[in-house]
Every structure is written in C-alpha cells, then in structure tokens.
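Notes for the one structure printed next.
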Amino acid sequence: MILVWDIFQLKFGKAKEAVTLMKHAMTTLQKAGHQPMRLLTDLTGPYYTLVLESSFKSLAEFEQGHSSTRQSPEWKTLYQQFVLLVESGRREIFTIVE
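Spelled out as structure tokens, the structure:
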C-alpha cells in the first residue's frame, strides 16, 4: 500500500473556498475510482496548508487513477477553479509499513 499526500499552499484567505471546492472534487475523484480520501488542514506550520490524503494498493493503481482523473471534464473544470486559490503545491508518496 502507498499513501499519497497532495500538499497545497493556498493564497491568503482562500482556505474556506478551497476546502469547499476540494470536497466537491473528492466526490469526482471517487467516481473516477479513487479510494476514500481525507482532507487535512494546518494547525501548525505554514498557514493556509491543505492536504489531500489518499491511499492506493500500488504505484500502478495510483498512476491509473491519476490518468483517468485527468480525462474527466468535471475534474478539469474543478481543477481550473482550484488552481486560482493555490500559491504552490507538492506531492509526497509513502510506503505504508504494516
């Protein structure tokens, strides 16, 4: 199993709007085959941090889901709205040790 964190630094004052939009996007992602996800916000560290946490059985499953998501017209529309709220972002991928 792998754990994926998509970490976004939001523009100042845009957290509420970004959370609302990402919750809607999570529904779209799940329709595209992604496993249930969690949305995390900062308590410490850089302000206005938003993390989308998801898990996959393998990197191949992640790549397949990522590819199918990018083809979704609904996702493309949501993504165009979301990027307007983001200063920067990065992705971290971990192996889950059981």
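The opening position of the sequence shown corresponds to residue 198 in my numbering, with each subsequent residue numbered one higher. Glycine included, each C-beta is placed from N, C-alpha and C at the ideal position. Owing to the predicted nature of the structure, the values given are computational and were not obtained by experimental measurement.
Thr274 carries a helical assignment under DSSP once its states are collapsed to helix, strand and coil.
Burial is judged here by how many other beta carbons sit within 10 angstroms of a residue's own beta carbon; Leu207 has at least 16 and is buried. The alpha-carbon of Val280 is positioned some 23 Å away from that of Ser252.
For Gly210, the three-state secondary structure derived from DSSP is coil. When Glu289, Phe205 and His231 are compared, the shortest CA-CA separation from Trp272 is found for His231.
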